[in-house]
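*Asks:*
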Amino acid sequence: MGRVKAPPALLALLLLSACGQQEQAPLEAQRISLDDARHTPPVPLQSPETSDASWSVTGNGQAIDFGAPGDKPMITLACRLRDTPVQVRIIRHVTTRPGEQAIFPVLGNGTISRFKVDAALHEGEWRWEGAIPAADPMLDVFTGTHEIEATLPGGGTVMMGGSRIPGEFITWCRAGGQVKRAEAAEAAEAAEESAAKPVATSSAAPAR
16 MGRVKAPPAL
26 LALLLLSACG
36 QQEQAPLEAQ
46 RISLDDARHT
56 PPVPLQSPET
66 SDASWSVTGN
76 GQAIDFGAPG
86 DKPMITLACR
96 LRDTPVQVRI
106 IRHVTTRPGE
116 QAIFPVLGNG
126 TISRFKVDAA
136 LHEGEWRWEG
146 AIPAADPMLD
156 VFTGTHEIEA
166 TLPGGGTVMM
176 GGSRIPGEFI
186 TWCRAGGQVK
196 RAEAAEAAEA
206 AEESAAKPVA
216 TSSAAPAR
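Residue numbering for the sequence shown follows the numbering used here, starting at 16 and increasing by one per position.
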């Protein structure tokens with residue numbers, strides 16, 4: 016008994032049905048290495064609140080921190096007097112990972128400076144650091160009394176109010192001096208402004 020040939024229309028229908036079943040088959044699992052997973056770009060940080068932040072001299076007098084009282088500093092300028100030539104180390108206190116590099120733009124006092132910073136390990140934590148000779152004109156961005164804006168890619172923007180402390184610190188690091196004079200002067204000015212403010216009085220009648 017000979018084979019019965021299926022009509023062409025029926026063959027086409029069977030082929031389409033087979034294709035549909037293949038498309039609905041579950042996909043094979045894909046393997047992803049742990050190294051690829053670890054290198055997922057981090058979520059960019061928001062710019063920190065700096066309304067209560069200010070510059071202050073560290074205990075050893077060799078650096079100044081910008082940050083809010085009692086909190087971890089956001090930016091540090093440290094003078095390396097033992098280096099030849101004398102160096103200023105710029106530290107942005109944001110967690111990073113080994114081997115990373117970035118450009119850290121700082122704008123202020125009529126100057127735009129771009130500092131190279133690298134991931135550096137300090138007390139078990141990776142942070143951004145860069146070093147530059149104290150005589151380098153790029154540090155002039157800190158030597159004024161106007162607002163300073165420092166932006167780290169992925170680390171937000173730090174807005175620093177006008178202050179004499181960073182300028183005097185850079186001058187001290189370059190040629191010697193006492194940066195604490197600027198800190199004391201600003202503290203005295205703040206006290207004078209506070210004393211000059213009128214004391215609010217209540218208009219309510221005293222209780223009898």
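Every residue, glycine too, gets a C-beta built ideally from N, C-alpha and C.
Who does Asp133 pair with in a DSSP beta bridge?
*Replies:* The partner list for Asp133 (beta bridge, DSSP) reads Gln116, Glu144.
*Asks:* With a threshold of 16 other CB atoms inside 10 Å of the CB of Glu204, please say whether the residue is buried or exposed.
*Replies:* Its Cβ having fewer than 16 others within 10 Å, Glu204 is exposed.
*Asks:* Rounded to the nearest angstrom, how far is the Cβ of Gly123 from that of Gly171, given a contact under 8 Å?
*Replies:* Wrong, their Cβ atoms sit about 17 Å apart, outside the cutoff.
*Asks:* Exposed or buried, which one is Gly125 when buried takes at least 16 other CB atoms within 10 Å?
*Replies:* Flag for Gly125 reads exposed.
*Asks:* On a CA-only basis, which of Pro84, Trp143, Thr186 is nearest Gly169? Give me that one, please.
*Replies:* That would be Trp143, whose Cα lies nearest to the Cα of Gly169.
*Asks:* Along the alpha helix (DSSP H) that carries Thr65, what are the first and last residues, could you check?
*Replies:* Element bounds for Thr65: n/a, residue is neither H nor E.
*Asks:* Could you pull the start and end residues of the beta strand (DSSP E) that Thr158 belongs to?
*Replies:* Thr158 -> no beta strand (DSSP E), and no H or E assigned at all.
*Asks:* Would you call the region 126-136 and the region 177-190 in contact, with 3 or more CB pairs under 8 Å?
*Replies:* No, because fewer than three Cβ pairs between the region 126-136 and the region 177-190 fall closer than 8 Å, the two stretches do not touch.
*Asks:* Classify Leu96 as buried or exposed, calling it buried when 16 or more other Cβ atoms lie within 10 Å of its own Cβ.
*Replies:* So Leu96 ends up on the exposed side.
*Asks:* Given 8 Å as the limit, is there contact between the region 64-74 and the region 145-163, that is, 3 or more CB pairs closer than that?
*Replies:* Touching, no.
*Asks:* Provide the residue span of the alpha helix (DSSP H) that contains Ala93, from first to last.
*Replies:* Here Ala93 belongs to no alpha helix (DSSP H); instead the beta strand (DSSP E) covers 90-95.
*Asks:* Do you know how far the Cα of Ala211 is from the Cα of Pro100?
*Replies:* Cα-Cα distance, rounded: 46 Å.
*Asks:* Count the other C-beta atoms from every protein chain shown that fall within 10 angstroms of the C-beta of Ile127, then say buried if there are 16 or more, exposed otherwise.
*Replies:* Classification for Ile127: exposed.
*Asks:* Just checking my contact of Ile147 with Val103 at CB under 8 Å: how many whole Å lie between their CB atoms?
*Replies:* The pair is a contact, with the Cβ atoms about 6 Å apart (cut-off 8 Å).
*Asks:* Should Ala165 be labelled buried (16 or more other beta-carbon atoms within 10 Å of its own) or exposed?
*Replies:* Looking at its Cβ environment, which holds 16 or more other Cβ atoms inside 10 Å, Ala165 is buried.
*Asks:* When burial is assigned at 16 or more other CB atoms within 10 Å of the CB, is Gly145 buried or exposed?
*Replies:* Counting Cβ neighbours within 10 Å, Gly145 comes out buried, since at least 16 surround it.
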